[in-house]
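In the order they appear, the protein sequences are chains Z and B.
Once you know that position 58 of the first sequence is 57 in numbering that gives the first Met the number 0, the rest is easy, because the numbers rise by one and skip nothing.
Once you know that position 337 of the second sequence is 336 in numbering that gives the first Met the number 0, the rest is easy, because the numbers rise by one and skip nothing.
Note that beta-carbon positions come from the ideal geometry of N, C-alpha and C, so glycine has one too.
None of these values were measured; they are calculated from a predicted model.
Following: one structure in structure tokens, then a few remarks.
2 protein chains.
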Amino acid sequence: MPVDATMEKCGVTSVVDEAVEIKTEDKTVKFASGEIVSYNKLVIATGSTPIRPKWCAGADLENVFVIPKDRQYLDMMSEKLNGMKNIVVIGAGFIGVELSDELNKRGMNVSLVEKLPHILNLAFDPEIGEKIEELVVSRGVKVIKANGIKQILGETKVEAIELESGEKISADAVVLSMGYRPNTELAQKAGIPIDENSFIIVDEYMRSDVKDVFAVGDCAQKRDFVTRKKVTTMLASTACAEARVAGMNLFNLNVVKTFSGTIAVYSTALDDYGYGTAGITEQIAIKEGIEIVTGVFEGVNRHPGNLPGAHKQIVKLIAAKHSGIIIGGEVVGGPEAGELTNVIGLAIQNRMSVNSLLTMQIGTHPCLTASPAAYPLIKAAELVAKKLV
Amino acid sequence: MPVDATMEKCGVTSVVDEAVEIKTEDKTVKFASGEIVSYNKLVIATGSTPIRPKWCAGADLENVFVIPKDRQYLDMMSEKLNGMKNIVVIGAGFIGVELSDELNKRGMNVSLVEKLPHILNLAFDPEIGEKIEELVVSRGVKVIKANGIKQILGETKVEAIELESGEKISADAVVLSMGYRPNTELAQKAGIPIDENSFIIVDEYMRSDVKDVFAVGDCAQKRDFVTRKKVTTMLASTACAEARVAGMNLFNLNVVKTFSGTIAVYSTALDDYGYGTAGITEQIAIKEGIEIVTGVFEGVNRHPGNLPGAHKQIVKLIAAKHSGIIIGGEVVGGPEAGELTNVIGLAIQNRMSVNSLLTMQIGTHPCLTASPAAYPLIKAAELVAKKLV
């Protein structure tokens, strides 16, 4: 039986089996093997499954793929794609965009289809998303926006797709990256309350509504840090933060949670470009009726800008108008973009104001960061501050 | 007259001349050209000069160089070094270490001499500094530690140096990177109070003790964020933060300063390795009598760790024992180390506790950051938290 060596060392026994029934009154879990184990505390971390929409005819044809977190499946898919020419990727979130770029690198003719007006539309505001789109397109991916899929055509195998606009694109394979649904059937059968989006209802310590049952990760309900509304964010990093909170507070509330709500912090990479986003976008803020002020500054991620590996670095900040508190940020840059996004994420979590950012002390180095005199994060804060006066 | 185009656009008139006299009663500054300008507010930003110690015989010989922020001088030095073989660099702070590596890359035989027991001894604790030293040595630089310079030998040109230990090293050139002294003679002559280390005394808004006179950057006094003692930190990024504070509060205290004291945040790069430090080291904390708890975690800066460009990533955290508040951090990694150090710097400035870090939400990406499940910053916080229980 395969076990995780690191976990084993920490005293964790791994059981590789399928849990088929939870009895919360008896505090037991039954496995497919028939084995029944009892628990003092139960943590449900059943993850999520890629959506293969029922309303879409042809979604079950051969060579229609999804992107689960399943190495075997992905290896199989990668092999089957060998030699194929025309690939359509449906859904231009992070996964769709990264996958399109990877397949394009393998010499395939990739069409990336997005129902919303822009790629990465939920993560980035249009003016930032467009920079990423320019790069994706310049690398050879065909981007089709504001146009959803209507159906997938073919006898047994995919032959083409039809868009909502009626346009048809011939395809050897279709990859659906249209989102994920939480795996909560097991919990639901056990009477553990789930919400209208099928997430297990949890409090800030990841406790479900049933005593001694916790849930973490993609299957657990999340609320946005800023808007306080339920969100469907599914990120490995969020899952890990939730797991830490649950683990530390499993038996007693040992570590009082200091940040409340989910702040989506994520980054992506294309070649040696990096992109990241933290908190909410301007678009979402406006939709939620939050009065905001924004600032965008375009600089360079090295100094001077003629150093090898130098890239444009753009930072956008979104602040609440009346308090000046930072509620979102977006970054375009090089490999430093991931951790720079974490700087913004931390500012949001600490409810820092634009003024705090202005007096913030940063470290800079020619080969690692933007210049201290034109550090885009602080320059963007300056632009916001000027509008707040 | 050369002017700075960006500043010009912002309405700033540049005058390239030498200020030779400040009269604070008349509120005037006299230039070497004879021109006298009057001011409403005066900001002194006269910087610092590399130390060429008087006690060291031979420090004025030909081919003994220092490292000023002066492009012309550095270009001249670089040219004179052409063809030279044996170079001794005195002082293994960031500048000495980076310079040694650059000269070594040019094929020179470089000896780096440090009086303290380790290179980068003030910025990193020994166990982290040693990792950097290993790299520097593996790249070909000869490191001599716990041994200062006694004198520089030669007739008119450098021929050798003699160490405190008596050992002699022949040298075609010597580079002194032994620190910098603030340029405050002009201020001192004008009766603007300076402290025992020759820094212009300023408050947290960078106001000197003389009305309407401010000072920022290397020439201005600094106090450590944690220890509250005067420190001699000289960093471009610190100078820029001070300049922002002074600029925003020149006429009224418009932007109340939210962080008080200087937190040294800096990073350095060797090849595609990055290193950074923020706040105070364990060594300094102990010296200052601060009871502390530390944690060191060694991980990888990409995930999985076999991705191209993957590097070891080590994070050390230093927390105050009774409050759990983070007061320092050190990072070894790849190009992300600069901004990761800024994440730690921001945590220190926000006086975050180890518990806050444990529940902190970060963003991760295979090509840009460590894994969410083994993110060294948070794993180091875990190690600290365990010791605090």
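- Taking the beta carbon of Z:Phe258 as reference, the chain B residues within 9 angstroms of it are Ser355, Thr358, Met359 and Gln360, listed in sequence order.
- Spatial neighbours of Z:Ala384 in its own chain (CB-CB distance under 7 angstroms, excluding positions within 5 residues in sequence) are listed in chain order as Val353, Asn354 and Leu357.
- The residues Leu119, Leu121, Ala122, Ser176 and Gly178, in chain order, have a CB closer than 8 angstroms to that of B:Gly92 in the same chain once the five nearest residues on each side in sequence are set aside.
- Residues of the segment 333-350 of chain B that bring their beta carbon within less than 7 angstroms of a beta carbon in chain Z comprise Pro334, Glu335, Ala336, Gly337, Glu338, Leu339, Thr340, Asn341, Val342, Gly344, Leu345, Ala346, Gln348 and Asn349, in sequence order.
- Looking from the CA of B:Thr267, the closest CA among B:Glu166, B:Ile66 and B:Asp100 belongs to B:Asp100.
- If you ignore the 5 residues before and after B:Asp271, its C-beta comes within less than 8 angstroms of the C-beta of Gly308, His310, Gly333 and Pro334, all in its own chain and listed in chain order.
- At a cut-off of 9 angstroms between beta carbons, B:Pro371 contacts chain Z.
- Taking a contact to require three or more Cβ pairs closer than 8 angstroms, the segment 63-76 of chain Z and the segment 163-175 of chain Z qualify as touching.
- With fewer than three CB-CB distances shorter than 8 angstroms, the segment 228-236 of chain B does not count as touching the segment 69-78 of chain B.
- The Cβ atoms of B:Lys84 and B:Asn103 do not sit closer than 9 angstroms to each other.
- Within the same chain, Ser266, Gly273, Tyr274, Gly275 and Val330 come within 7 angstroms of B:Ala336 by CB-CB distance, once the 5 residues on both sides are set aside.
- Taking a Cβ-Cβ cut-off of 7 angstroms, the neighbours of Z:Gly273 in chain B comprise Leu367, given in sequence order.
- When Cβ-Cβ separations below 9 angstroms define contact, B:Ser236 makes contact with chain Z.
- Membership of Z:Arg180 in the beta strand (DSSP E) is indicated by the continuous run Tyr179 to Pro181.
- In the three-state reduction of the DSSP assignment, B:Asp74 falls in the helix class, which pools H, G and I.
- Runs of alpha helix (DSSP H) with 4 or more residues, each lying fully within the segment 312-375 of chain Z, are found at 336-348 and 353-357, listed in chain order.
- Between B:Gly328 and B:Ala379, the gap from beta carbon to beta carbon is short of 9 angstroms.
- Cβ-Cβ separation between B:Val112 and B:Ile148: approximately 6 angstroms, consistent with a contact (criterion under 8 angstroms).
- Using a CB distance cut-off of 9 angstroms, Z:Val255 counts as an interface residue toward chain B.
- For B:Leu175, the three-state secondary structure derived from DSSP is strand.
- Comparing C-alpha distances from B:Ala58 to each of B:Pro181, B:Glu154, B:Asp202 and B:Tyr204 shows the shortest one belongs to B:Glu154.
- Residue state for B:Gln282 is assigned as helix, using DSSP reduced to three classes.
- Sequence-distant Cβ neighbours of Z:Leu185 in its own chain, meaning closer than 8 angstroms and more than five residues away, are Ala18, Val19, Glu20, Ile21, Ile43 and Thr45.
- Residue nearest to B:Ala214 within the set B:Cys239, B:Gly128 and B:Arg227 is B:Cys239 (criterion: CA-CA distance).
- Z:Ile289 places its beta carbon less than 9 angstroms from that of Z:Thr226.
- In the structure shown, the three-state DSSP call for Z:Ser37 is strand.
- Here Z:Lys167 is bridged, per DSSP, to Z:Glu161.
- Taking a contact as a CB-CB distance under 8 angstroms, the pair Z:Ile317 and Z:Arg350 does not count as one, their CB atoms being some 14 angstroms apart.
- In terms of Cα proximity to Z:Val28, the closest of Z:Lys188, Z:Ile86, Z:Arg180 and Z:Gly95 is Z:Lys188.
- Per DSSP, Z:Leu152 lies in no alpha helix (DSSP H); the unbroken beta strand (DSSP E) holding it starts and ends at Ile148 to Leu152.
- Here B:Asp124 is buried, its C-beta having at least 16 other C-beta atoms within 10 Å.
- Check the Cα spacing between B:Asn81 and each of B:His321, B:Asn62, B:Glu281 and B:Glu133: the tightest is with B:Asn62.
- Counting C-beta pairs with one atom in each stretch, the segment 364-372 of chain B and the segment 293-308 of chain B have three or more that are closer than 8 angstroms, which means they touch.
- Shortest Cα-Cα distance from B:Thr12 to any of B:Val88, B:Ala284 and B:Val36 involves B:Val36.
- Interface criterion not met: the Cβ of Z:His310 is under 9 angstroms from no Cβ in chain B.
- For B:Gly298, there is no enclosing alpha helix (DSSP H); the residue is part of the beta strand (DSSP E) that begins and ends at Ile291 to Val299.
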